[in-house]
Amino acid sequence: MAELLSAHVSRYLRNRGEFERGLPPGVLVFLPAPVEGLPEEGEEYRLHTVTNAGPPTLGWDGPVVFPLVKSQGNAFGRGITVGRTGNNDVVLDDGSVSRFHAWFAWDAGKSCFLLTDAGSKNGSWVAGGRLPARKATVLEDGTRLRFGQVEVSFYLASGFTRLLIARLKS
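Start counting the sequence shown at 90; every next residue gets the next number (this note's numbering).
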């Protein structure tokens, strides 16, 4: 289940050891676009979604963390699915994301995550390059990913902890 980054920061500050033990092996971090100035009094305040293309969802007011974990209700056996519908492990509620867009898999032999596009209409991108459909690609810690028009960053648990420490120092 997705959570605001601020919730992770709070847990990290309360008990770093327990926080690190509870982290999934990988996460996706969505950083919303900065809001251009504050609205004047009486002016309508425009809420932001992942791409500003629909009704407000989680992430309109701050960075969101999506854990890369398999949900019990998902029968897809190859990996952790990404898509816009609720039966995916990672739900990106955006019209540019296919119902079943892509999937992540852990390669135990190489100790790395792989990302595979499921033949999505708007494509999956890794570090600016479009993925060919149904061809797995190795992911590096901190890599920028795009599903349709939704941009996120991929982190291993150790990289995510470093991200939190960097945010606390700034």
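For every residue, glycine included, the Cβ atom is placed at its ideal position computed from N, Cα and C.
Note that the coordinates shown come from a computational prediction; the quantities given were computed from them, not determined experimentally.
Query raised in the report: In the structure shown, what three-state DSSP assignment does residue 95 receive?
Result: As a first step, residue 95 must be located in the sequence shown, where it is residue number 6. Helix at residue 95.
Requested in this report: Tell me residue 245's beta-bridge partners as DSSP assigns them.
Outcome: Here residue 245 refers to the residue found at position 156 when the sequence shown is read from its first residue. DSSP lists 115 as the bridge partner or partners of residue 245.
Query raised in the report: Quick one: what's residue 169 bridged to in DSSP?
Result: As a working note, residue 169 is residue 80 in the sequence shown. Its beta-bridge partners are 193.
**Report entry** CA-to-CA distance, residue 94 to residue 246, given in whole angstroms
**Finding:** Position 157 of the sequence shown, counting from 1, holds the residue named residue 246. Position 5 of the sequence shown, counting from 1, holds the residue named residue 94. CA-CA distance, residue 246 to residue 94, rounds to 14 angstroms.
Query raised in the report: CB-CB under 8 angstroms to residue 202, same chain, minus the five flanking residues each way: which ones, in chain order?
Result: By one-based count along the sequence shown, residue 202 stands at place 113. Cβ contact annotation for residue 202 (same chain, cutoff 8 angstroms, sequence separation greater than five): 114, 115, 157, 193, 194, 195, 196, 227, 228, 243, 245, in chain order.
Query raised in the report: In or out: residue 104 buried (at least 16 other Cβ within 10 Å) or exposed?
Result: Start at 1 with the first residue of the sequence shown, and residue 104 comes out as number 15. It counts as exposed.
Query raised in the report: Taking C-alpha atoms, which residue in 112, 107, 97, 168 lies nearest to residue 223?
Result: What you label residue 223 is simply residue 134 of the sequence shown in a count that begins at 1. Residue 168 is the option with its Cα nearest to residue 223.
Query - Sheet register partners of residue 222 (DSSP bridge) - result: Working through the sequence shown from its first residue, we reach residue 222 at position 133. According to DSSP, which records beta bridges pairwise, residue 222 is partnered with 206.
Query raised in the report: Between the beta-carbon of residue 216 and the beta-carbon of residue 191, is there less than 7 angstroms?
Result: In the sequence shown, counting from the first residue as 1, residue 216 sits at position 127. In the sequence shown, counting from the first residue as 1, residue 191 sits at position 102. No, Cβ-Cβ distance for residue 216 and residue 191 is not below 7 angstroms.
**Report entry** Three-way DSSP call (helix, strand, coil) for residue 132 in this model
**Finding:** Here residue 132 refers to the residue found at position 43 when the sequence shown is read from its first residue. In this predicted model, residue 132 has a pLDDT of only 43, less than 50, meaning its place in the structure is not dependable enough to derive any value.
Query raised in the report: Taking the C-alpha atoms as reference points, what is the distance between residue 40 and residue 90?
Result: With the chain represented from 90 up to 259, any question about residue 40 goes unanswered, as that position is not in the structure.
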